[in-house]
Every structure is written in structure tokens, then in C-alpha cells.
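Peer 1: Before I ask anything, here is the structure I am working with.
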Amino acid sequence: MAGARDQDDAADSAADSTSDDQRWLVIDGRRWRRTDPSLPEDVVAALKSHLGRGRSGVGAAKKRGDADAVAAARVRVGLAKHGLGERGPYWWDEPEADRAERAREALRRLDELDADQ
162 MAGARDQDDA ADSAADSTSD DQRWLVIDGR RWRRTDPSLP EDVVAALKSH LGRGRSGVGA
222 AKKRGDADAV AAARVRVGLA KHGLGERGPY WWDEPEADRA ERAREALRRL DELDADQ
């Protein structure tokens with residue numbers, strides 16, 4: 162049981178050490194969750210690359226009127242945002258190791274999307 166308690170303590174410590182300014186970006190009165198600052202730079206860069214390609218894909222597919230391509234591009238956006246900690250469970254409520262694993266898993270799945278094309 163001590164292991165679970167240690168993980169809870171680590172998550173509590175992460176939650177206590179981050180301020181709202183580190184968790185949220187406010188634009189025009191709307192709060193947007195920030196990227197998890199504990200993620201390795203190379204993982205963040207790769208996830209943001211996928212995010213940009215996904216967003217671009219959504220726009221291009223909408224212009225073409227291709228609903229299937231819009232849906233596929235939105236899957237890419239969602240995976241990238243989950244990996245970055247911008248969607249899903251609040252990153253500050255999870256142990257850092259779990260957050261890093263979530264990001265790596267999202268990146269693996271995104272890379273598989275590229276391999277399938």
C-alpha cells in the first residue's frame with residue numbers, strides 16, 4: 162500500500178507546486194489547459210508537430226467537404242492534445258511518470274497513424 166500512497170503524495174506534490182498560471186492560459190476570458198511542463202522537450206516537439214498537422218488536416222478536409230478526412234484529422238488532434246496533457250485527466254493530478262508514459266503512448270499511436278498511410 163505504501164507504493165500507492167507514495168504515488169498519491171507525488172501527485173499531491175505536483176498539484177501543490179503548480180499555480181493556476183502554470184495550468185491555464187486565458188484568452189478572451191476562456192481558459193485553455195496548458196501543456197504539461199514536465200514532458201521532455203523532444204516529446205513535446207513531436208506531439209506539437211502532430212497537432213499542427215492534424216489541425217491543418219481538419220481545415221483542408223473541411224474545405225474539400227470530406228467528412229471522413231475531417232474525422233481522421235480530429236483523431237490526430239485529440240491524440241496529440243491528450244499526449245500534451247491538454248485534454249483528459251488534469252496533468253497536475255497525476256504522477257509525473259504516468260504523464261510521461263501517456264505522452265509517449267500518444268506519440269507511438271500518432272506515429273502508427275503515419276505508418277498506416
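The letter at position 108 of the sequence shown is residue 269 when you use my numbering, and the numbering goes up by one with no holes.
The C-beta atom is built at its ideal place from N, Cα and C for all residues, glycine as well.
When you compare only the Cα positions, how much space is there between ARG237 and ALA228?
Peer 2: Near 15 angstroms, if we compare the C-alpha coordinates of ALA228 and ARG237.
Peer 1: Contact check, VAL138 vs VAL219 under 8 angstroms by CB: the rounded distance?
Peer 2: For residue 138 there is no data in the structure shown, the boundaries of the chain being 162 and 278.
Peer 1: Please tell me whether ASP229 has its Cβ less than 8 angstroms away from any Cβ of chain C.
Peer 2: Judged by its chain identifiers, the structure shown contains no chain C, having just a single protein chain.
Peer 1: Could you check the C-alpha separation between ASP203 and GLY226 for me, to the nearest Å?
Peer 2: Cα-Cα distance, rounded: 34 angstroms.
Peer 1: If you run the structure through DSSP and keep just helix, strand and coil, what is ARG225?
Peer 2: Helix, per DSSP.
Peer 1: Which same chain residues end up closer than 8 angstroms to ARG216 when comparing Cβ atoms and leaving out the 5 residues on each side of it in sequence?
Peer 2: Correct list, in chain order: ALA234 and VAL238.
Peer 1: Please report how far the alpha carbon of LEU212 lies from the alpha carbon of LYS242, in whole angstroms.
Peer 2: Taking the straight line from one Cα to the other gives about 7 angstroms.
Peer 1: On a CA-only basis, which of ASP275, ARG263 and LEU271 is nearest THR196? Give me that one, please.
Peer 2: The shortest Cα separation from THR196 among ASP275, ARG263 and LEU271 belongs to ARG263.
Peer 1: What residue range is occupied by the uninterrupted alpha helix (DSSP H) comprising ARG260?
Peer 2: Run containing ARG260: 257-277, per the alpha helix (DSSP H) assignment.
Peer 1: CA-CA distance, VAL187 and ALA276?
Peer 2: Each residue's Cα considered, the two are about 36 angstroms apart.
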